[in-house]
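> Attaching a single structure in structure tokens format; questions to follow.
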Amino acid sequence: MNGGIILADATLATATDETLLKVALPIVLFALWTLAVRLRMLRGVLGKYPFTRAIIEIGLVLAGAWSLGTAAEVLRDTFLSDQMLAQPGMLVRLAMYLAVSFSVARLVEAAAVSRERHGEVDGLTRLSRTFLYGVCLLAGLLVFFAANDFPRLTVIAGGFAAVLAFALRQTLTDVVAGVALGIERPFRRRDWVMLEDGTVAQVIDMDWRATHLRGWDRAIFLVPNAQLARQGLRVLPKPGELYAETYTILVSGDEDPERVKSLLEEAARESEALLTRPAPVIRLADASSLPYRYSLWVHFDGYMASFAGREELFSNIHKALSEAGLQVTAEVQDVRVERKRSDSRP
């Protein structure tokens with residue numbers, strides 16, 4: 041009897057050691073890999089080869105799932121009774137389904153990163169990554185339920201999901217709106233946008249609830265995705281895209297309009313920040329009142345170039361008009377006062 045107890049203890053110790061080794065080894069390897077990718081040298085190399093990094097991480101995840109299955113088999117043989125033999129196998133299959141789902145999501149992410157490096161598309165936002173992994177893992181879980189016939193568990197999960205969706209309906213609205221914005225991509229990271237209230241800000245990122253914008257004061261503010269999707273906003277052109285502005289110049293009506301237009305054209309031609317194609321367009325917009333109004337329609341290389349370009353253009357206009365003896369005038373208002381004479385009787 042003592043020999044049987046000693047043999048059982050030895051078997052239990054061996055099983056425990058094997059289980060710990062098979063479970064701990066992939067975890068240790070994954071932890072070492074996580075620390076290694078933080079090194080600047082290795083991070084730079086792996087950044088050039090996103091598929092290589094994805095394959096390594098997929099291998100570690102699959103190895104972890106396989107190790108979990110092996111450990112479950114050892115624990116089954118040691119601790120579980122004959123009636124419970126199927127349960128560890130079920131856990132192994134669940135782990136493998138989720139591991140394969142993760143692998144699919146990781147490959148899609150690597151493909152997106154690779155296309156971003158080649159300048160084909162914009163990179164994935166945090167919301168896009170969360171949605172990608174969530175959909176893949178949920179699909180793997182549903183396939184696992186369907187393959188192993190869990191009708192009762194499916195009903196329970198559906199009821200819980202309905203209650204959770206009702207409690208988080210506003211949050212889910214923001215999530216769905218964020219996903220729609222991510223698919224349509226009306227704007228991308230680092231784009232400048234103008235909101236309905238006239239606020240101009242740069243898009244920093246988009247998460248599961250809100251879009252992160254940075255204003256001129258460098259402060260970051262959040263706009264809920266649903267609110268952003270409902271309002272009309274302007275996506276301002278970035279470098280490489282045309283951005284047009286129209287400026288109004290007031291000049292005295294005593295001057296010859298053709299001469300004024302020639303001076304304004306010369307000032308625009310000397311402004312290096314303005315694009316020559318399309319060429320600047322100068323028109324006498326209004327000669328029915330004083331002073332005369334001249335409009336300048338010019339183009340810049342993107343929205344941000346308009347600030348320095350506007351300053352240069354106005355400086356050149358001031359110089360050209362001053363050298364010609366002209367000056368930009370203010371609004372002229374003609375005020376007439378009439379006095380009503382009172383009739384006097386002798």
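Numbered according to this note's numbering, the sequence shown spans residues 41 to 386.
The C-beta atom is built at its ideal place from N, Cα and C for all residues, glycine as well.
Using only CA atoms, which one of Glu236, Asp237, Ala241, Leu235 lies nearest to Arg229?
Numbered from its first residue, the sequence shown carries residue 229 at position 189. Checked all of Glu236, Asp237, Ala241, Leu235; the closest Cα to Arg229 is Ala241.
> Would you list the one or two residues that DSSP bridges to Ile260?
Counting from 1 along the sequence shown, the entry for residue 260 is found at position 220. The partner list for Ile260 (beta bridge, DSSP) reads Arg254.
> Drop a sphere of 10 angstroms on the beta-carbon of Tyr89, count the other beta-carbons inside from all chains shown, and report buried for 16 or more, exposed for fewer.
To locate residue 89, count along the sequence shown from 1; it is residue 49. Tyr89 comes out exposed.
> In three-state terms, what does DSSP make of Glu281?
Numbered from 1 along the sequence shown, position 241 holds the residue referred to as residue 281. Three-state result, Glu281: coil.
> Extract the residue ranges of the alpha helix (DSSP H) inside the region 334–363, only unbroken runs of 4 or more that lie entirely within it.
List check, alpha helix (DSSP H) in window: 345–363.
> Per the DSSP calculation, Gln242 is bridged to which residue(s)?
As a first step, residue 242 is located in the sequence shown; it is residue number 202 there, counting from the start. Trp232, Arg254.
> In this structure, does DSSP put Tyr287 in helix, strand or coil?
Taking the first residue of the sequence shown as position 1, residue 287 is located at position 247. If DSSP states are grouped into helix, strand and coil, Tyr287 belongs with the strands.
> Quick check on the DSSP output: the alpha helix (DSSP H) that includes Val216 runs from which residue to which?
The sequence position of residue 216 within the sequence shown is 176, counting from 1. Element bounds for Val216: 209–224.
> If you draw a straight line from the C-alpha of Val321 to the C-alpha of Gly293, how long is it?
As a first step, residue 321 must be located in the sequence shown, where it is residue number 281. As a first step, residue 293 must be located in the sequence shown, where it is residue number 253. Near 20 Å, if we compare the C-alpha coordinates of Gly293 and Val321.
> Given Pro277, which residues of its chain have a CB within under 6 Å of its CB, disregarding the five upstream and five downstream residues?
Locating residue 277 in the sequence shown gives position 237, counting from the first residue. The residues are Tyr283, Gly342, Tyr343.
> So Leu166 packs on Asp245, CB below 8 Å; how close in whole Å?
As a first step, residue 166 is located in the sequence shown; it is residue number 126 there, counting from the start. As a first step, residue 245 is located in the sequence shown; it is residue number 205 there, counting from the start. Note on identity: in this sequence residue 166 is Arg, with Leu being the wrong assignment. About 6 Å; that satisfies the 8 Å criterion.
> Tell me which residues share the same chain as Leu333 and place their Cβ nearer than 7 Å to its Cβ, disregarding the 5 neighbours each side in the sequence.
Indexing the sequence shown from 1 puts residue 333 at position 293. A small fix is needed here, since residue 333 is Arg in this sequence, not Leu. Correct list, in chain order: Thr288, Leu290, Ala325, Asp326.
> In whole angstroms, what is the alpha-carbon distance linking Val153 and Asp237?
In the sequence shown, residue 153 corresponds to position 113, counting from 1. In the sequence shown, residue 237 corresponds to position 197, counting from 1. Distance between the alpha carbons of Val153 and Asp237: 35 Å.
> Helix, strand or coil, according to DSSP, for Ala319 in the structure here?
Translated into positions along the sequence shown, residue 319 becomes position 279. If DSSP states are grouped into helix, strand and coil, Ala319 belongs with coil.
> Which residue or residues does DSSP assign as beta-bridge partners of Val275?
As a working note, residue 275 is residue 235 in the sequence shown. Answer is Val233, bridged to Val275.
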